[in-house]
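Take any residue in the sequence shown, count from 1 to its spot, add 69: that is its number in our numbering. Glycine is no exception: its CB is placed at the ideal position from the N, C-alpha and C atoms.
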Amino acid sequence: MSSTFLRYLLLPLRAPMVLILFLVSAYVGLDWSVSRQSVAGVDGMESLAWAMECLQAVVVVVVCTLPDLLLRQISSLMATSRVVSLVASLLVVTVVGIYMLHLEMLANVLVLGSSVLLARLDMVRARLVPPPLVTLLLLVLLVLGGASLGRLVASGNLGPMLLPPGLKG
Numbered sequence: 070m071s072s073t074f075l076r077y078l079l080l081p082l083r084a085p086m087v088l089i090l091f092l093v094s095a096y097v098g099l100d101w102s103v104s105r106q107s108v109a110g111v112d113g114m115e116s117l118a119w120a121m122e123c124l125q126a127v128v129v130v131v132v133c134t135l136p137d138l139l140l141r142q143i144s145s146l147m148a149t150s151r152v153v154s155l156v157a158s159l160l161v162v163t164v165v166g167i168y169m170l171h172l173e174m175l176a177n178v179l180v181l182g183s184s185v186l187l188a189r190l191d192m193v194r195a196r197l198v199p200p201p202l203v204t205l206l207l208l209v210l211l212v213l214g215g216a217s218l219g220r221l222v223a224s225g226n227l228g229p230m231l232l233p234p235g236l237k238g
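Structure follows, in structure tokens:
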């Protein structure tokens, strides 16, 4: 038990892309907060917007961490009928495309997804491959923790030295 905990504790040293994932997610959280501050009239909706952004981050981590399980489920659904396959593909592509283009979040999703995949690849290289659900939980906690840190930095709760240059008072 303690050796397993120690292996996960030393994970950023053995797989440095995990640390990069944390920094990228902190930047994404900072970007979300700064872009929300520049839009007028979203003060009352801040907690809802933060919840939706966290949900988006969790979905990106799930898709990038468990692609084999998701693809197996989707392909079994698609194998039932060609019509179901076409309708489901059209629906998914249309909804995801409109969502990403309308909210201008394609860059954040691509950067976060690439970081998650690189962290997983680095974990495999370091031969630290926990079971899929443990990996998912670890990466979700890491991404949400980094995004929360970025949000704290943007709000100024970590001190004036950590504020981005445009937000210094």
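Nearest neighbour of R105 by Cα position, chosen from F91, E122, A95, turns out to be E122. Secondary structure at S150: coil, using DSSP grouped into helix, strand and coil.
Segment contact: the region 175 to 182 against the region 121 to 138, three or more CB-CB distances shorter than 8 Å; contact assigned. In this structure, L205 sits near L135, with a CB-CB distance shorter than 8 Å.
Taking the Cα of S183 as reference, the smallest distance to any Cα among V203, L80, V198, F91 is reached at F91. The beta carbons of A216 and M86 sit no closer together than 8 Å.
When the five nearest sequence neighbours on each side are left out, the beta carbons in the same chain lying within less than 8 Å of the beta carbon of I89 are those of S184, L187, A188, in order along the chain. Membership of G215 in the alpha helix (DSSP H) is indicated by the continuous run 201 to 224. Shown here, V180 sits in a helix according to DSSP, grouped into three states.
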